[in-house]
Amino acid sequence: LKNQMKTLSQACKKHVLSEWTTWVTQVADALNQKIADITSCVEDDEKRLNTKMYLIDQTHEAIALAAGKAARKARRRSICRRKTAVSAMEGKIKDLEAQIEDAESTLRQKCNDEKSLLSMSDALDNDSTARNNLLLCKKDTESS
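Residue numbers (this note's numbering): 134 to 277.
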């Protein structure tokens with residue numbers, strides 16, 4: 134009886150172990166399938182993400198290129214405006230230099246005229262002083 138119980142116990146253990154192994158195998162297969170499905174989805178998502186990242190990089194490059202072109206165009210316009218402003222200023226400077234030359238010439242002429250007038254005034258003063266002295270001498274001679 135003891136041997137029969139032992140044999141029965143071992144048979145039960147084998148049966149339970151067999152069922153357990155079958156169940157573990159089924160669970161492992163199911164999990165492997167789920168993992169394979171998830172891995173496939175992740176790989177697809179990764180491919181889509183890589184494609185989107187590539188498009189983003191391309192867009193950034195296009196934007197940078199466009200910004201560079203716009204900056205160069207703006208720089209060219211700015212240089213052109215500055216050249217135009219410089220040309221206009223050069224014209225104004227030439228006009229001002231001509232006005233300064235005219236003013237200096239006029240100033241020199243007026244200084245010369247003033248010197249001439251001062252010379253004439255001095256001569257007239259000297260002449261007037263001489264006449265007054267002469268008149269005084271005449272009066273003195275007449276009174277004496």
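Note that CB positions come from ideal geometry on N, CA and C, so glycine has one too.
### Task
Starting from L269, trace the alpha helix (DSSP H) both ways and give me its first and last residue.
135 to 276
#### Entry: Rounded separation between N183 and E176 - CA only
10 Å
### Message
Please report the straight-line C-alpha distance between D258 and V219, rounded to a whole angstrom.
### Response
56 Å
### Message
Given this structure, state the Cα-to-Cα distance separating S254 from Q232, to the nearest angstrom.
### Response
32 Å
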